[in-house]
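Going by the numbering used here, the sequence shown opens with residue 17, and the numbers climb by one from there.
Worksheet: the structure to be examined is printed underneath.
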Amino acid sequence: MAAEPCSGIDAGIIWFLVDLTAQARRLHDIGLNSYESNAYLVLIGHVQFKALDVASRARIPRAKIYEVLNGLVDKGFVRVVHGKTKKFSAVEPRLALSSYLGRRRERFLREWEDRERLAKTLSDELAGVFLAGSNGHGSLNYLRIITDTRQIVEEYRGMLVRTENEYVEFARRPYGVDPGREPIVQKLADKGMACRLLFDFSDLEDSSGGEKLVTLQTAGAEVRLGRDIPLKLALFDSRSGMISLDDPVVSHRKFTALVFEHRSLGSAMRTLFNDFWDNSFPLEDVVGNVAKAS
Numbered sequence: 017m018a019a020e021p022c023s024g025i026d027a028g029i030i031w032f033l034v035d036l037t038a039q040a041r042r043l044h045d046i047g048l049n050s051y052e053s054n055a056y057l058v059l060i061g062h063v064q065f066k067a068l069d070v071a072s073r074a075r076i077p078r079a080k081i082y083e084v085l086n087g088l089v090d091k092g093f094v095r096v097v098h099g100k101t102k103k104f105s106a107v108e109p110r111l112a113l114s115s116y117l118g119r120r121r122e123r124f125l126r127e128w129e130d131r132e133r134l135a136k137t138l139s140d141e142l143a144g145v146f147l148a149g150s151n152g153h154g155s156l157n158y159l160r161i162i163t164d165t166r167q168i169v170e171e172y173r174g175m176l177v178r179t180e181n182e183y184v185e186f187a188r189r190p191y192g193v194d195p196g197r198e199p200i201v202q203k204l205a206d207k208g209m210a211c212r213l214l215f216d217f218s219d220l221e222d223s224s225g226g227e228k229l230v231t232l233q234t235a236g237a238e239v240r241l242g243r244d245i246p247l248k249l250a251l252f253d254s255r256s257g258m259i260s261l262d263d264p265v266v267s268h269r270k271f272t273a274l275v276f277e278h279r280s281l282g283s284a285m286r287t288l289f290n291d292f293w294d295n296s297f298p299l300e301d302v303v304g305n306v307a308k309a310s
C-alpha cells in the first residue's frame with residue numbers, strides 16, 4: 017500500500033525540524049542567544065508550554081530555563097500565560113522581530129548620539145593640548161599624511177571654512193569631495209572670496225558636468241578647464257593646502273592626502289597653478305562649443 021501524503025500539520029512539523037538549526041542561527045545573528053533561539057523555536061510550534069517542557073524539548077538546563085524565558089519576555093518574543101500553572105506562549109514572529117529590531121535601533125541611535133556628543137566635547141578639550149604639544153616640535157610638523165578618506169574630507173572642509181582671502185584648486189576625478197558640488201565652495205564664492213578652480217576636461221564626460229561648472233561660476237567662482245592636470249591640489253591663502261594622490265599600487269580606489277602649512281611651499285604651488293591657469297580655457301568658451309556640437 018502506498019504511503020498516504022503528509023497532512024498540512026505534518027508537513028509543517030517536518031519543515032520545522034529540518035530548518036531548526038538554520039532558523040536558530042538566524043535568530044542568534046539578530047540578537048538572541050543560543051538558548052533563547054532554541055526556546056523560541058520550540059514555542060512557536062505549540063500554543064503554550066510549561067517552562068520545564070520547553071527546557072526538555074529545547075535541551076536547555078532546567079536551572080537556566082526561567083532566566084532564558086524571562087529574557088525572551090523582556091525582548092518581546094514570548095508572553096506569560098497566567099493560570100493554575102504558569103505557562104509561556106510565543107509572540108507572532110513578524111510582530112516580535114519588528115518590535116525587537118525597532119527597540120534595538122532606537123537604543124543604538126541614542127548610544128550613537130551620546131558618543132557623538134562625547135567625541136565633540138573630548139575633541140574640543142584635547143585640541144588645545146594637542147596644539148600646545150605639537151607646536152614648534154618636530155622637524156616636519158608642517159607636513160601631515162592622511163590616508164583615511166573620511167578624515168581627508170573633514171580636513172578639506174575645515175581648511176575651506178578657515179580660508180580668509182583666496183582659494184584655488186586643481187580639480188580632477190576621482191573625487192574624495194567634488195568641489196563643483198561642495199556647498200562650502202559655493203558659499204565662499206557667493207561671499208565674494210577669490211575662488212579659482214581649474215577642472216580637467218574629463219569632468220565634461222559626465223552628462224551633468226557642464227551644468228555643475230556653470231552653476232559654480234554663476235555663484236561667483238572663476239572656473240576654467242585644462243588638459244593633463246598634474247595633480248589634485250587645493251590651496252588656501254597661499255600658505256596651507258592639500259595635495260591628493262591616487263594610490264598607483266592598489267587595485268581599488270584609495271586616496272592619500274599630503275596636508276601642509278608652509279608659506280614657501282604654498283607660494284610655489286600657487287605659481288604652478290597660475291602657469292596652468294594661464295594656459296587653460298574659459299568655461300564659457302568650452303561649454304558653449306559643447307552645447308553647439310550637441
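Note that beta-carbon positions come from the ideal geometry of N, C-alpha and C, so glycine has one too.
Model, not experiment: these values are computed from the prediction.
Around the CB of Phe146, fewer than 16 other CB atoms lie within 10 Å, so the residue is classed as exposed. In the DSSP assignment, Ser256 forms a beta bridge with Phe252 and Glu277.
Under the three-state reduction of DSSP, Leu299 is assigned to helix. In the three-state reduction of the DSSP assignment, Glu185 falls in the strand class, which pools E and B. Check the Cα spacing between Thr234 and each of Glu182, Leu247, Arg197 and Glu170: the tightest is with Arg197. Beta-carbon to beta-carbon, Gly87 and Tyr116 are separated by about 12 Å, too far to satisfy the 8 Å threshold. Here Glu182 is near Asp253, since their CB atoms are less than 7 Å apart.
Beyond the five residues adjoining it in sequence on each side, Ile46 comes within less than 8 Å, by CB distance, of Leu113, Tyr116 and Leu117 in the same chain, given in chain order. Under the three-state reduction of DSSP output, Val63 falls in the coil class, being neither helix nor strand. Judged by DSSP secondary structure, Leu232 falls within the alpha helix (DSSP H) whose first and last residues are Gly225 to Thr234. Val184 is positioned such that its CB atom lies closer than 7 Å to that of Phe289. If only complete runs of 4 or more residues are kept, the region 63-129 shows the alpha helix (DSSP H) at 67-74 and 78-91, in order along the chain. Note on geometry: alpha-carbon atoms of Ala205 and Glu221 lie some 25 Å from one another. As DSSP reads the structure, Leu261 sits in a beta bridge with Thr272. Within 10 angstroms of the beta-carbon of Ala40 lie 16 or more other beta-carbons, which makes it buried. Cβ contact annotation for Leu57 (same chain, cutoff 7 Å, sequence separation greater than five): Leu36, Gln39 and Ala40, in chain order. Going by beta carbons, Leu213 and Pro199 fall outside the 7 Å limit. Note: Arg240 is bridge-paired with Leu214 and Pro298 in the DSSP secondary-structure output. Note that the region 56-74 touches the region 94-101; at least 3 beta-carbon pairs, one per stretch, sit closer than 8 Å. Note on Thr101: under 16 other CB atoms within 10 angstroms of its CB, so exposed under the neighbour-count rule. In the structure shown, Ile168 adopts helical secondary structure according to DSSP, grouped into three states. Here DSSP, grouped into helix, strand and coil, assigns Ile200 to helix. The three-state secondary structure of Ile46, taken from DSSP, is helix. Distance from the CA of Thr163 to the CA of Met258, rounded to the nearest whole angstrom, comes to 12 Å. In the structure shown, the three-state DSSP call for Leu159 is strand.
For Lys80, the number of other beta carbons within 10 angstroms of its own is below 16, and it is reported as exposed.
Here Glu52 carries a helix assignment [DSSP, helix/strand/coil]. By the 16-neighbour rule on beta-carbons within 10 angstroms, Thr287 is exposed. Ile161 has its alpha-carbon roughly 19 Å from the corresponding atom of Ala187. About 6 Å separates the Cβ atoms of Met285 and Leu249, confirming a contact at the 8 Å cut-off. Looking from the CA of Leu159, the closest CA among Ala273, Arg131 and Tyr82 belongs to Ala273.
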